[in-house]
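Residue numbers (the numbering used here): 993 to 1274. Using N, Cα and C, we set each Cβ at its ideal position, and we do this for glycine too. The model shown is predicted, which means the values in this text are computed figures rather than measured ones. Here the structure is laid out as structure tokens; the discussion comes afterwards.
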Amino acid sequence: MRIRIISASIGIPVVLIAVWLGLPGIAVLSISAGIIGGMELDRMMRPAVEGRARWAGTRIILLVMGPAAIAAFGAWMLSQGRISGDQLPIMLAIVLTLALLVRGTATLGRSGGRSTPGRRAGDWVYWVFAAYAGLALAHAPVLVGLATGQELLLLAIITTFAIDSSALFVGLSIGRTRLAPRISPNKSWEGAVGGMIGGVVAVIAIDAAFDLQFSTIAAGVLGAVLGVAAILGDLYESWIKRRGGVKDSGKLIPGHGGILDRLDSVMPNLAVVYWAAVWSAP
């Protein structure tokens, strides 16, 4: 527990400073997370095959990191008035993600490696997860580039923390019905409902504190959606880890696992908050 607290005491200020810096700070943070996350995913894939193609690691890292980089560059160009179209940066990230995903999966049959039973480094599920993670991270720089972007980014992060904490507390207290025993045995339906309630309360409170554009009903709905997205993101990453035969995605953060372990619930919520803000804008 002491190690977890020390890690959190370092990580939280880093995130807050990045949010305070705005686009430059979030660009560095999201691109760095993409590089590290891609390396973690590459290590999950590596034991699955002998004679693994040398290009696979570079491409999987690029797929996780690239969308955030191009989204950050597009957001900067937009802020400087050099391009027009508010959604152009994220659209560029989507196009790059699809291009890299198609390029990566197109060579699966020609990887030349010898697979272990049921798994191989060229398995398409790893590439799909990499595309998902990369595109999710790409929403961070475009989100902070909105009019109330820093507040919205804090909403996504704080609400996710509230969801995870509420789900853990309720699950430990009254959790009885397993949610997905084959993927994550410790999660319960009771904890999931508790997490959703925590998300609703958090978004309504943060919306009131920051005077965002959401009505009370819209904030409540957004909180519930974030609760569902956070749980699904957690389960998705847990499934990928089980497929790779690892407990943690990495060892970057002592007591917390890897970067993907810390961002599994945050990543989908970045996208949810961004599009909720875009669609609800006057």
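Exposed unless 16 or more other CB atoms sit within 10 angstroms - verdict on residue i
i	result
Ala1273	exposed
Ile1009	exposed
Trp1271	exposed
Arg1095	exposed
Arg1046	The pLDDT assigned to Arg1046 is 48, lower than 50, so where the model puts this residue is not dependable; a value taken from the coordinates is nonetheless given after this. Label assigned to Arg1046: exposed.
Met1036	buried
Asp1256	buried
Thr1208	exposed
Ala1222	buried
Ile1004	exposed
Met1259	buried
Ser1073	Sequence inspection shows Gly at residue 1073; the Ser mentioned does not correspond to that position. When all chains shown are included, Gly1073 counts as exposed.
Ala1123	buried
Pro1059	buried
Trp1116	exposed
Asp1034	buried
Arg1051	buried
Ala1064	buried
Gly1237	exposed
For residue i, the three-state DSSP class (helix, strand or coil)
i	result
Ala1139	coil
Ser1024	helix
Gly971	No statement about residue 971 is possible, as the shown extent of the chain runs from 993 to 1274 and does not include it.
Lys1179	strand
Arg1074	coil
Ala1197	helix
Leu1244	coil
Ala1060	helix
Arg1234	helix
Leu1090	helix
Arg1254	helix
Leu1171	strand
Asp1156	helix
Leu1204	coil
Asn1261	helix
Gly1014	coil
Asp1115	coil
Ala1123	helix
Ala1211	helix
Contact set for residue i: own chain, Cβ-Cβ below 7 Å, skip 5 residues either direction
i	result
Ala1061	Ile1023
Ser1001	none
Ile1053	Ile1027, Gly1030, Met1031, Asp1034
Close beta carbons around residue i, own chain, < 8 Å, minus the five adjacent residues each side
i	result
Leu1080	Gly1066, Leu1070
Thr1169	Ser1180, Trp1181, Glu1182
Contacting residues, own chain, Cβ-Cβ under 6 Å from residue i (five flanking each side not counted)
i	result
Gly1183	Ala1159, Val1162, Gly1163, Gly1167
Gly1250	Glu1032, Asp1240, Ser1241, Gly1242, Leu1244
Ile1175	Leu1227, Ser1230, Trp1231
Closest by C-alpha distance to residue i, when choosing among the options
i	options	result
Val1006	Leu1015, Leu1021, Ala1128	Leu1021
Trp1231	Ala1098, Ala1172, Leu1144	Ala1172
Leu1144	Gly1073, Ile1223, Ala1222, Ala1211	Ala1211
Leu1218	Val1195, Ala1201, Val1238, Gly1236	Val1195
Gln1205	Val1011, Val1120, Gly1141	Gly1141
Pro952	Leu1055, Phe1202, Arg1234	Past the boundaries of the shown model lies residue 952; the chain is included only from 993 to 1274, so the question cannot be answered.
Ala1130	Leu1252, His1248, Ala1200, Ala1025	Ala1025
Residue i beta carbon near the ligand ZN (any heavy atom closer than 8 Å)
i	result
Val1217	For the structure depicted, the ligand ZN is absent and the ligand set is empty, with no information on it obtainable.
So does the segment 1081 to 1094 actually touch the segment 1157 to 1172, counting three or more Cβ pairs closer than 8 Å?
-> Too few Cβ pairs lie closer than 8 Å, so no.
Per the contact definition of three or more C-beta pairs closer than 8 Å, is the segment 1129 to 1140 in contact with the segment 1263 to 1270?
-> Output reads yes: the segment 1129 to 1140 touches the segment 1263 to 1270.
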